[in-house]
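Have a look at the structure below, then the notes.
4 protein chains.
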Amino acid sequence: MSNAGDESLIIVMRRDATAEQIRHVLDRLSEVDAEAHVSEGAHRTVIGVLGDRTRVQQLPWEAFPGVERAVPVLKPFKFVSREFQPDDSVVMVGDVPIGGGGLTVIAGPCAVESRDQLFRSAEAVHAAGAKILRGDAFKPRTSPYSFQGLGEKGLELLAEARETFGMPFVAEVVDPRHVELVASYADLIRVGTRNMANFTLLAELGRQDKPVLLKRGFTATIEEWLNAAEYVYKEGNHQIVLCERGIRTFETATRNTLDISAVPVVKGLSHLPVVVDPSHSGGRRELVAPLTRVAVAAPADGVMIDVHPAPETALVDGAQAILPGEFAELMEQVRALAAAMGLEL
Amino acid sequence: MSNAGDESLIIVMRRDATAEQIRHVLDRLSEVDAEAHVSEGAHRTVIGVLGDRTRVQQLPWEAFPGVERAVPVLKPFKFVSREFQPDDSVVMVGDVPIGGGGLTVIAGPCAVESRDQLFRSAEAVHAAGAKILRGDAFKPRTSPYSFQGLGEKGLELLAEARETFGMPFVAEVVDPRHVELVASYADLIRVGTRNMANFTLLAELGRQDKPVLLKRGFTATIEEWLNAAEYVYKEGNHQIVLCERGIRTFETATRNTLDISAVPVVKGLSHLPVVVDPSHSGGRRELVAPLTRVAVAAPADGVMIDVHPAPETALVDGAQAILPGEFAELMEQVRALAAAMGLEL
Amino acid sequence: MSNAGDESLIIVMRRDATAEQIRHVLDRLSEVDAEAHVSEGAHRTVIGVLGDRTRVQQLPWEAFPGVERAVPVLKPFKFVSREFQPDDSVVMVGDVPIGGGGLTVIAGPCAVESRDQLFRSAEAVHAAGAKILRGDAFKPRTSPYSFQGLGEKGLELLAEARETFGMPFVAEVVDPRHVELVASYADLIRVGTRNMANFTLLAELGRQDKPVLLKRGFTATIEEWLNAAEYVYKEGNHQIVLCERGIRTFETATRNTLDISAVPVVKGLSHLPVVVDPSHSGGRRELVAPLTRVAVAAPADGVMIDVHPAPETALVDGAQAILPGEFAELMEQVRALAAAMGLEL
Amino acid sequence: MSNAGDESLIIVMRRDATAEQIRHVLDRLSEVDAEAHVSEGAHRTVIGVLGDRTRVQQLPWEAFPGVERAVPVLKPFKFVSREFQPDDSVVMVGDVPIGGGGLTVIAGPCAVESRDQLFRSAEAVHAAGAKILRGDAFKPRTSPYSFQGLGEKGLELLAEARETFGMPFVAEVVDPRHVELVASYADLIRVGTRNMANFTLLAELGRQDKPVLLKRGFTATIEEWLNAAEYVYKEGNHQIVLCERGIRTFETATRNTLDISAVPVVKGLSHLPVVVDPSHSGGRRELVAPLTRVAVAAPADGVMIDVHPAPETALVDGAQAILPGEFAELMEQVRALAAAMGLEL
């Protein structure tokens, strides 16, 4: 599909714009190969701009003399948009699909802390029906004094757990220099919320061939999030899963505010699958079950849940991890709701 | 239950606080009949305060010389807290209960615009299974040039619809001088999001005996919202239903961000029932169905949905009203999810 | 000035909009006496709408079938806009002007607590050079258990202080039923941040003839704030002073975030004077001096400062009040900066 | 200074906490070498924790059974705190100091686009009195289709401008693999707002010896910002300048909301110098002058201003660049205000 001929921008001139100022705008449009439809109102000139959004929208139109407003009509992202690809993307993680009408459950500890901790968690989530294991070997931490992860040793343990339980795994990457390393172990590479706008890292992930789980920046708009996905897609990697995990608001009763509306909004704008992280958005153990149910009812394409055999000893984010037994109970509720929604688990 | 003997506040003195400064704090505590437990650390004095939170917490402790921090332990609200009343409150609206394990559906037009519009909407929502009718006669509008409602004429039409369809109705009040008037017609009186902190109006509602539906201010924290409910309760009216309707965040893809986490958080803190307004939070028609489903899965005690026979002619908030046919379809989904959740409709 | 002939709205139709859908839009425009300039692009129709913004902008255009976006060109407020009145408004408070190139200092206690407290504060701020006294008799409080003000007794004390020190005073009104009472005493009536969108109260203030100080809602956009001013103006009262006092953000180090950019932005959009409240925005005593200096440099048309003879005994907001001696020192800095800015004090 | 003996945390147990739960907390405290002062209230146990904040605060105390709240007393950062170093840090950029009572003006184009553009801007800002040149060779852009910078060629041009005008320069780094390259050219290395929480990059910058200008993440709290500075400091690089550049709020009239209160707040918490970027916070040319004045009055230790010879041709952020002539005029105002504030320029 080509958008080249579509109006991608509308420029509204000021009431007092001069003919020369209008000419200046038209000249710059012509330099970026855009076509202009000029409409003379009673008092204002309005210019509908046809041309490649990626060239047209990056000019600073509102800095041009005589321009009152420049209103983008098309979104700044292209390949990840639903108009580019009307059908849902399905991303394969090992042999587990995400997207396309099912509900994929990802679970495990936030960080890999030891073989015992990982395996107890993995065994429990596998038994209860999770399809993908989570666990991080590299952690970006707000304080430099917090636990930063086991590094490659953690990845080795995750790979061992994959063999033992027959589950592919997802792990985070925080440094562009580690992409190759993480990709050599993980089935799905996660970009954490603090790195959503780390364009260097995104570009690197776009140039390798493992699928990418892109968490929403906790302060990013949906449009910025899809722009970030576009970075990965544009470099050649089309296997992208989005993950909503709560945004920063004025409310302090929860760590972040789960933006559940983002699920249907993104599904309207993009063909990429969207999963929800009910653990990190709420930041409190007792919110994991209700926010998981909410994700199923939206419906999201999956959920990703922190499960820890002993949360109060967790080195990272223990406050929100649920126990293996709680996870098993939650899976019962998930199954009932998924059935009511017609989603295959 | 009495909290008088409980620690309601902890005052942490600065490292360099003098004996005189500590004495000053203790003197003021004694003036408000609070007891102090003084703990001498290696470098700091920490004072645990026992006393009535409503007297203790309103003093400006952090303005006292030598005080580093004052940390409230108890919430500032009392009567609406779950520690005050452990069991769920059930509020009767006419003969329809809200709270206590069921799911109550409230639906109808945003504003009453005409007899025809109201009755077409009421007939449709009644047929599809709604239990309470919504419709406003007074509207607070951001622009002084927007439609402000039909006034008493609107209330008369709502009362007529109540007779015709056998449904109690909820209507908004915006002026303390209208409380008596609205209460003489409506079965449930709504406080809109812009009036949640209109304490004059809240106090007036606390002194009459119709139940109150208190919408969350779109910029209010959960604690402020429960404080607002406390205003009503304290004046003598204990029939209060809370309504989550989205909060203002940086995201502009939706009108507001539905804070679905608020449902389980409030249910932990308070015994009052909580319903969700999926129409005003998203502000877009296509979000009404997913956000309604999400509310059922939380689960909220009810949902309140805008239904308009011809949204594009609506004088208020047409962008988010769904059509009668869409509402009927949505009710099918609600029934399936409520069954999976074990909620009686 | 008439805007009737100006484009106030631009409607962008969807690519797949039908001729019938376009016709439907044009019909509704004609019903509200608006003229439409239709521009056919290569793929989309764009409609420039000429007509009264107050009628055109309130229709729910984005709910119309076939409409992609409706972009307002003119702001929704009219009388308070600078295009309506290019010259700065000057508001007289007693014989003290606000606006028009000077810097007016308003100071005094947050709430009137006693004759002694008020007079000690008033004497000090008068001696240091403040021109208008502040002090409230009615306080809207988040908790129903906090001090709510002395009521009419407080107004009497303020009137007595006015006589003694020869300073006009500003006081808050929180209830539409008290407008007449407060107006019978005060020289300037303040609408607090929680009541900025209390349209009932605004309309009442628009129908009396004392000037109004309209604080920005701590969660209101600049556009909503100017809409609130329009409510007052439209009812007939043109003496309006705006007051920036900080907005709610994610930052918790300060009570609110002073939006100092709002001063130049509002001055670009409106002819009304704007003062700054450095006390309530920061919520901390040590921020009062820097935020006052910042307001002078913006420059605002004035500042309003809490001064209390004994902040730690204050019944309201003691944490942010400065001492009389601190105020006198601050006035020295204010004088130096005002001189550098060419502002008359 | 040692904080080891100071209370760094206060743990408030629940009313119903068991002796075993209290014992569990005390055991874990002892494992991290912390000392506990246990205070038995009438109904609750409160534990004052003495120990290294960097070990104590990272445990998930609120996930421990029986714990109601854990309140940090000390901030999580240590070396950048003012209690660690009471005197202001002065950072030397080439031979230009930032901090210690002066006002340092940094100016130049946002991005280096060509030799001609850079030199025209540099010549103008040098003539008007700027002391440090700004200009970027690597740009992180929200859209992958926007101009990403000239790369090393840009750095070469900046070095040439340094020779010509005798001004040190600041340039951004976006990739940890480019740190060595950028450090080999620039006098001051900037971390952009999107990379403030890119801990990999921060650690790399901590291990080289050029000073670092750390912009505040537009969604970061002040505490997170100082934690980010701690990352750099802890790795060995103590030459850090902070830069406030606006935060994301609900207000859309400006690109971001300049949080001017952050200047005095940070100066209270930290010894590091703080400069303000009035260009990127407002995002609009007409706000640059007022926001610059505001920064001087705060006072910040410097300002950083975008100056472009032809903003409407700018490839990056043209909407906010001011013209050389406007900059010269602004410098006059800056000089007058700095004199009134007693700041050396």
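Each protein sequence line maps, in turn, to chains A, B, C and D. For reference, each letter of the first sequence is one residue, going 1 to 345 in my numbering. For reference, each letter of the second sequence is one residue, going 346 to 690 in my numbering. For reference, each letter of the third sequence is one residue, going 691 to 1035 in my numbering. For reference, each letter of the fourth sequence is one residue, going 1036 to 1380 in my numbering. Note that beta-carbon positions come from the ideal geometry of N, C-alpha and C, so glycine has one too. All figures in this text were calculated on a predicted structure; none of them were measured in a lab.
- Straight-line measurement puts the Cα of L546 (chain B) at about 16 Å from the Cα of T883 (chain C).
- Annotated three-state conformation of L59 (chain A) is coil, per DSSP.
- In this structure, G792 (chain C) sits away from V815 (chain C), with a CB-CB distance that is not shorter than 7 Å.
- At a beta-carbon threshold of 7 Å, the residues of chain D lying near R194 (chain A) are A1232, ordered along the chain.
- For T735 (chain C), no alpha helix (DSSP H) encloses it; the enclosing beta strand (DSSP E) starts and ends at T735 to L740.
- Close to V179 (chain A), with beta-carbon spacing below 9 Å, lies no residue of chain D; the smallest spacing is near 12 Å.
- Residue-level contact by beta carbon fails for S1316 (chain D) and chain B, as no gap is shorter than 7 Å.
- The shortest C-alpha to C-alpha distance from F77 (chain A) to any of A:Y145, A:V56 and A:M304 is the one to A:V56.
- Distance from V265 (chain A) to A300 (chain A) at the Cβ level is roughly 12 Å; contact not present, criterion being Cβ atoms closer than 8 Å.
- Secondary structure note for K498 (chain B): its alpha helix (DSSP H) is the uninterrupted segment E497 to F510.
- Relative to A19 (chain A), the option among A:T45, A:R69 and A:D33 whose CA is nearest is A:T45.
- Between V357 (chain B) and E413 (chain B), the C-beta spacing is below 7 Å.
- Taken residue by residue, none of the stretch 792 to 809 of chain C has a beta-carbon sitting less than 8 Å from a beta-carbon on chain D.
- Within the stretch 1102 to 1120 of chain D, no residue has a Cβ lying closer than 8 Å to any Cβ of chain C.
- For R983 (chain C), the enclosing alpha helix (DSSP H) has its first and last residue at V978 to A987.
- Inclusion of L1216 (chain D) and V1147 (chain D) in the CB contact set at 7 Å is not warranted, their separation being larger than that value.
- Listed in chain order, the alpha helix (DSSP H) elements of length 4 or more contained wholly in the stretch 1214 to 1248 of chain D are 1214 to 1220 and 1234 to 1241.
- Just so you know, the alpha carbons of Y1180 (chain D) and T54 (chain A) end up roughly 6 Å apart.
- Pairing L959 (chain C) with G936 (chain C), the inter-Cα distance amounts to about 19 Å.
- About 19 Å separates the beta carbons of P176 (chain A) and R1225 (chain D), which is beyond the 8 Å limit, so they are not a contact pair.
- The Cβ atoms of D136 (chain A) and A171 (chain A) lie closer than 7 Å to each other.
- A1232 (chain D) and A1255 (chain D) do touch by the CB rule: their CB atoms are close to 7 Å apart, below 8 Å.
- Our two residues, L1358 (chain D) and N1291 (chain D), have alpha carbons roughly 21 Å apart in a direct line.
- Residue contact check for V702 (chain C) against chain A: a CB pair falls below 7 Å.
- According to the DSSP assignment, V1342 (chain D) belongs to no beta strand (DSSP E), since it is labelled neither H nor E.
- When DSSP states are grouped into helix, strand and coil, H970 (chain C) belongs to the helix group.
- Around the beta-carbon of S1296 (chain D), 16 or more other beta-carbon atoms lie within 10 Å, marking it buried.
- A Cβ-Cβ separation of about 5 Å places N237 (chain A) in contact with G206 (chain A) under the 8 Å criterion.
- By the C-beta criterion, the stretch 1116 to 1128 of chain D is judged not to be in contact with the stretch 1320 to 1329 of chain D, since fewer than 3 inter-stretch pairs fall below 8 Å.
- Take the alpha-carbon of Q148 (chain A) and the one of K139 (chain A): they are about 5 Å apart.
- Between the beta-carbon of L1168 (chain D) and that of M1202 (chain D) there is about 5 Å, and that keeps the pair under the 8 Å contact cut.
- By the neighbour-count criterion, in which 16 or more other beta carbons inside 10 Å mark a residue as buried, S529 (chain B) falls on the exposed side.
- Between the C-alpha atoms of G302 (chain A) and E235 (chain A) there is a straight-line separation of about 26 Å.
- Proximity to G1008 (chain C) across B:R359, B:P405 and B:D361 peaks at B:P405, based on C-alpha coordinates.
- Taking 8 Å as the upper bound for CB-CB distance, V1128 (chain D) and P1313 (chain D) are not in contact here, some 19 Å apart.
- Considering only B:Q462, B:A467, B:A475 and B:R507, the residue with the shortest C-alpha distance to L495 (chain B) is B:Q462.
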